[in-house]
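Quick notes on the structure that follows.
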Amino acid sequence: MSNIIIGLTGGIGSGKTTVANLFAEHGVTIVDADIIAREVVNIGSPALHDIAEHFGASFIQADGQLNRSLLRQQIFSNEQDKLWLNNLLHPLIRSQLIAQTQAATSPYCLLVAPLLIENDLMHLIDRLLVIDVSEAAQLKRTTKRDGNTIKQVKDIMASQIERSDRVAQADDILNNDGSSMITLKKAVTKLHQSYLLMVDTA
Ligand code: ADP
2 MSNIIIGLTG GIGSGKTTVA NLFAEHGVTI VDADIIAREV VNIGSPALHD IAEHFGASFI
62 QADGQLNRSL LRQQIFSNEQ DKLWLNNLLH PLIRSQLIAQ TQAATSPYCL LVAPLLIEND
122 LMHLIDRLLV IDVSEAAQLK RTTKRDGNTI KQVKDIMASQ IERSDRVAQA DDILNNDGSS
182 MITLKKAVTK LHQSYLLMVD TA
């Protein structure tokens, strides 16, 4: 079991996945809230069954998978539905996050969650690392990566915590605005070493 849990968060396109992969190269166990959020509604899962019962059979595709885009539309336009869905999924995601961090074998582990602060997961972690980037970099990298429009990315950004509020909660801040991969890798190695020292004294 890991001694300490480092939370990793940042806005869309800030570089969470990129940075988490660099930590993984050091053998750090990564617990990814996005992956868990997909797993809890896997084919045949009780949560998927509940969703179909609540919203209708059309929310399950012919291949048995959740129709994500339909669900996204549904909760985007209806606050009550969003609340219902969050009440169903958040406890399931939370208990998986806890189980996976408890099963982690590296000296410390990383809990990666885009909405770590927004979804009140701060109490699950010992320390928060925030990837901080300018809005311009977020827009540029996300539109390039996903082919989304600037408006779509801006809408997602508007649903996330303000950059300054996120940074205010951080114990460590990694700026990923102009960093080359080499600079980023060095910064991660430095953080990794500092976390290992914390484990030694924990
Ligand atoms: P997140 O997981 O926070 O949404 P990603 O790690 O997927 O962000 O990064 C968003 C995009 O930006 C990806 O295509 C990634 O390859 C790219 N990216 C990340 N960091 C840098 C960087 N320092 N310079 C250039 N591109 C980057």
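No gaps in the numbering here: position 184 of the sequence shown is 185 in this note's numbering, and each next residue is one more.
Heads up, the beta-carbon is just placed ideally off N, CA and C, and yes, glycines get one too.
Computed from a predicted structure; not experimentally measured.
From this set, the options, which residue's C-alpha is nearest residue i's C-alpha?
i	options	result
residue 40	28, 95, 164, 19	95
residue 43	59, 57, 65	65
residue 161	198, 119, 140, 35	119
residue 75	18, 23, 63, 56	56
residue 31	98, 171, 84	98
residue 110	12, 23, 16, 11	23
residue 169	5, 11, 82	11
residue 34	25, 91, 132, 73	91
residue 157	112, 20, 77	77
residue 194	17, 144, 106, 29	29
residue 5	183, 124, 135	124
residue 136	177, 112, 48	177
residue 69	38, 81, 88	38
residue 63	45, 73, 187	45
Who does residue i pair with in a DSSP beta bridge?
i	result
residue 131	10, 174
residue 116	According to DSSP, residue 116 bridges with nothing at all.
residue 5	109
residue 67	61
In the DSSP assignment, find the unbroken alpha helix (DSSP H) run with residue i in it and report its ends.
i	result
residue 33	Not the alpha helix (DSSP H): residue 33 falls in the beta strand (DSSP E), residues 30-33.
residue 111	Premise fails: residue 111 lies in the beta strand (DSSP E), 109-113, not in any alpha helix (DSSP H).
residue 122	Taken as a continuous stretch (DSSP letters only), residue 122 belongs to no alpha helix (DSSP H), as it is neither H nor E.
residue 27	No alpha helix (DSSP H) contains residue 27, which DSSP labels as neither H nor E.
residue 153	151-160
residue 126	Unbroken run through residue 126: none, as it is neither H nor E.
residue 58	Unbroken run through residue 58: none, as it is neither H nor E.
residue 163	Run containing residue 163: none; DSSP gives neither H nor E here.
residue 79	Here residue 79 belongs to no alpha helix (DSSP H), and DSSP marks it neither H nor E.
residue 200	182-202
Since residue i contacts residue j with CB under 8 Å, what's their CB separation in whole angstroms?
i	j	result
residue 52	residue 67	7 Å
residue 126	residue 7	7 Å
residue 167	residue 14	No, residue 167 and residue 14 are not in contact; Cβ-Cβ is about 14 Å, not under 8 Å.
residue 108	residue 197	6 Å
residue 171	residue 129	5 Å
residue 164	residue 133	7 Å
residue 150	residue 3	Residue 150 to residue 3, Cβ: 40 Å. No contact.
residue 154	residue 17	Going by Cβ atoms, the distance from residue 154 to residue 17 rounds to 15 Å, so no, they are not a contact pair.
Looking at chain C, is there any beta carbon in it that lies within less than 8 Å of the beta carbon of residue i?
i	result
residue 24	In the displayed structure, chain C is absent; only one protein chain is listed.
Worksheet entry | Heavy atoms of ligand 1 versus C-beta positions, residues under 6 Å | 11, 13, 14, 15, 16, 17, 18, 19, 142, 146, 177, 180, 185
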